[in-house]
Every structure is written in structure tokens, then in C-alpha cells.
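Everything on this sheet refers to the single structure shown next.
Number of protein chains: 2
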Amino acid sequence: MPGPPPTALQPRKTPRQSRSRVTVEAIFEATIQVLLRGGMNELTTTRVAERAGVSVGTMYQYFPNKQALVYALNARYLDALAARIEATCREHAGAPLGQMVEALINTYWTAKTERADVTRALYRSVAELNNDVLIHAFAERVDRATTEMLASACDAVFPDVPRANLALVTVIYGTVRNAFERGVSDQEAAALRQDLTTMCRAYLANFRA
Amino acid sequence: MPGPPPTALQPRKTPRQSRSRVTVEAIFEATIQVLLRGGMNELTTTRVAERAGVSVGTMYQYFPNKQALVYALNARYLDALAARIEATCREHAGAPLGQMVEALINTYWTAKTERADVTRALYRSVAELNNDVLIHAFAERVDRATTEMLASACDAVFPDVPRANLALVTVIYGTVRNAFERGVSDQEAAALRQDLTTMCRAYLANFRA
DNA sequence: ACCTGAACACCGTTCAAGT
DNA sequence: ACCTGAACACCGTTCAAGT
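If you're matching them up, the sequences are chains A and B in order. First residue of the first sequence: 0, per numbering that gives the first Met the number 0; consecutive thereafter. First residue of the second sequence: 0, per numbering that gives the first Met the number 0; consecutive thereafter.
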């Protein structure tokens, strides 16, 4: 069980008045814009503040430092991603294995692909953080959903569900990321996605009841 | 075919005298040390120079900027990795598919794992770079070796070798990376590696002659 | 309760001066 | 041919003063 994020990375205060909620939202939006434009190299606190229409000081009221800002942005993104995966798992409880695999790959792939530029920017930005806590929290939350789904499959029995789950999710998430990094073409991506599904299915066929 | 790395990232000059070759080597070594100690956040030119026992100015004689230094370090690492993969492919030319898969996974996994801390530090450092050129050059070089190997398999016929190759390497490289990011335990890693092999074999079984 | 922006310390980078 | 290190611009962060 992962603890809370390192104190230095936690938001300084939670916005209470609606004015400040707007401010924080503007800061997040500005951060994405700046990241998309110039990547982490050009992500300066001044630039983010300027784009968000606030002063640097204001930014520092909500985030103790630049890293915390990027950290919070990624936490937000991973939270949304986890929610989508959880929904998919709920929808496919008790379904046959083949459908589960397809649904999982589809959800993850779509989530990462629909805003490829944002995905890429965040992949890069999160690398610079002490992201262990972030990754662990995400992994644990999503693993819970996917293992439950797998365990509920109507046409399979697993001697070791966590193990099968680990293989499945590591391969899927890793492959998607690597595809991004290689910058595969749309055609290559389509073929790859199909082959990934084939592989996962072939693996899971071992557990067919 | 990828062009040369962006001019801004290329080494400024190649060391000609042995004195300067030693200097460059010391700078590389210092960079790794500093990266291992504090990650990219604490990688300052002053610290690297100090640790290498030279002045900042000297560092800037060989690398036009900090990014170029990190770039060169990763280029070096990827070059060595590619060479190892090429060797494995050469050794397994004409072998049965199953052995190829096992050898490829073994080589890659071992290369990444034997110095896990360095691997982790480099994974993170390369994310901050304009690394497209670097990644493409590596991918192209390694793809050439692996596709050739696959095509030579004594017990398989591929309708589309590049496609099978893409599936294979993306899944393998991606999985290894993701395993690193999740920080899997040694036992989990062992199981995962076995399952990854199973998956790849099951996929390739489709092409058995 | 929230915002501002000048001020400070530190880092990346340069270049005139050295061997 | 190679090295030095003070100097400069810029960025992260703070805090006294404001609404």
C-alpha cells in the first residue's frame, strides 16, 4: 500500500472560493499548453503564470514548486484514466476472456491515442518526477479492477489471477507506450494492436475452463 | 532513414589528443554518477564538471549544452545495447523460432537488468530530450538485425516479416520497460518474463511452417 | 482569502586570458 | 590544442505589501 505523495509534492492548499478554483484550473490548462508547445525544457513558472493570467506568486500559493505542478497534472490524468479502465472492467464482469482482452486493449489504446500529443507530453513530463508513488497508486487501483474482472470470466479458471493480470497489463501498457515512442504509423499501429490482441488471447487460452 | 542528430545536440569536437579523450571519458563517467545520485533534477553542469575534475568551460568545449551531454550518454548506451542484440541475432540465424524468442528476451532483459539503477536513470534522462532521432536510429538498426533473424528461422514462414518483427520487439521492449516502471519484485519479474516468452511463442506459432 | 511582482540565490552558458 | 573561472542572463522561489 503506497503512502501519500511526498509532502514536497502535495498541493499547498485546496482552493475554497470559486475564484481560486478557476485560478487552479487556468494554471493546469496553461501548463498543458506550455508543455505541448515546448516540452519540459521550456516549461518555466513565469511562462505558465503568464499564460494562465496570474502572477508567479499565485501559482506558488497552490503548488509548492514546479515539480508539484507537473505532479498534480499527471495525477489528474492518471485518475481519469483509471476511472475509464474501472468502468470497462465493470461492464465486462462475467464476460468471456476474449471480450475482456479486447475491451481492455481498446480502452487503454483509445485513451492514449485520442490526444496523442497530450499523451506524449505527459509521458515525458512524468519521467522527470519522483513518480514511484504516482505509478504505484495507479497500478494498484487499476490492478484491483482488472484482476476482479479476470477472476469473473465465465470461460476460464486461473490458478494465479494476480500473475496472469500482471502479465496482461504489463504487456498491454508497455506495448502501447513503446508504440508511442517509436512513433509507429497509423497502419503499423493498427497491425500492432491486432497482433497484441492475438498474443494476449493466445496467452489466456491456457486458462480456458 | 533518419538524418544526423540535430546540430545543437551534436558533440562540438572530437577529442584528438589522448589528454582530451581522457577528459571526455571522465565527463561521461561523472554524468552517470551524478545522475545515479540525484537524477536529472540535480544534474548541473557545475556538479558534473566538478566531479569530472575539469572546469565548466572544458565541458562546453565538447558538448554545446547540457542536453547534448545527456544525449551523447544515451547514444553511447543505445549503441552498446544494439551491438549486443545484433550479436544475439547473428548467433541464432537459422535457428528454430522458439530459441530466437528466448534468446532475444534474454539478451534484452539481461542488458536492462544487470545495472538496473543505470537503466532507470537513463530511461528518465532520455525522456527530457528531443529523442526521436536517437530512438529511430536505434530502432532501425535493431529491426534490421531482428527481421533478418526471423526471416532465417528454420521452422517458420512469415507472410509479412516486418509486421511480425514489429509486434515482437514492441511487446518485448515495452514490457521490459513497463516492468521497470512498476518496480516489480524479483519473483514477479521471473514470472512475467516466463509469461512474456509464452505469449511471444504463442504468437509466432501462427507462422509455423 | 487571495493576489502581486520586485528581490535573491543558483544554474546554464560564454569568452578573454592562460598553458 | 586544450583548459580556466569570473561574468551575465535567466529561472525557481520567496515574502512584504496589497485587495
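C-beta atoms are modelled at their ideal positions from N, C-alpha and C, and glycine is treated no differently.
- The Cβ atoms of B/Ala92 and B/Glu139 lie no closer than 9 Å to each other.
- A Cβ-Cβ separation of about 6 Å places B/Arg192 in contact with B/Trp108 under the 8 Å criterion.
- For the 9 Å CB-CB criterion, B/Thr145 and A/Thr174 do not form a contact.
- At a beta-carbon threshold of 7 Å, none of the residues of chain B lie near A/Met58; the nearest stands roughly 19 Å away.
- Beta-bridge partners of A/Arg207 (DSSP): A/Ala155.
- Classified as buried, B/Arg176 has 16 or more neighbouring CB atoms from the shown chains inside 10 Å of its CB.
- For B/Ala166, the enclosing alpha helix (DSSP H) starts and ends at 160–181.
- Contact annotation: B/Ala94 and B/Ala51 have beta-carbon atoms that are not nearer than 9 Å.
- Residue contact check for B/Asn129 against chain A: a CB pair falls below 9 Å.
- In the three-state reduction of the DSSP assignment, B/Thr43 falls in the coil class, being assigned neither a helical nor a strand state.
- For B/Glu85, the secondary structure class from DSSP, reduced to helix, strand or coil, is helix.
- Here B/Ala204 is near B/Leu96, since their CB atoms are less than 9 Å apart.
- CA-CA distance, B/Arg83 to B/Thr106, rounds to 7 Å.
- Under a criterion of Cβ atoms nearer than 8 Å, no residue of chain A is adjacent to B/Thr106; the nearest Cβ is some 17 Å distant.
- Here DSSP, grouped into helix, strand and coil, assigns A/Phe27 to helix.
- With respect to the 9 Å criterion, A/Leu34 and A/Ser124 are classified as neighbours on the basis of their beta carbons.
- Proximity of A/Leu195 to chain B, defined by a Cβ-Cβ separation below 9 Å, is satisfied.
- Of all C-beta pairs linking the segment 120–136 of chain B to the segment 29–48 of chain B, three or more are shorter than 8 Å, placing the two stretches in contact.
- Less than 9 Å divides the Cβ of A/Leu133 from the Cβ of A/Asn73.
- Around the beta carbon of B/Val21, fewer than 16 other beta carbons lie within 10 angstroms, which makes this residue exposed.
- Any Cβ of chain A closer than 9 Å to the Cβ of B/Tyr70 would place that residue at the interface, and such an atom is absent.
- Closer than 8 Å at the C-beta level to chain B, one finds these residues of the segment 160–183 of chain A: Arg162, Ala163, Leu165, Ala166, Thr169, Val170, Tyr172, Gly173, Thr174, Val175, Arg176, Asn177, Ala178, Glu180, Arg181, Gly182, Val183.
- Using a Cβ-Cβ cut-off of 8 Å, A/Arg123 is close to Ala126, Glu127 of chain B, given in chain order.
- Here DSSP, grouped into helix, strand and coil, assigns B/Arg119 to helix.
- Under the Cβ criterion of 9 Å, B/Leu191 is counted among the residues facing chain A.
- Residues are counted here when their Cβ sits less than 9 Å from a Cβ of chain B; for the segment 37–49 of chain A these are Gly38, Met39, Asn40, given in chain order.
- Within the same chain, no Cβ atom closer than 7 Å to the Cβ of B/Arg114 is found once the five residues on either side in sequence are excluded.
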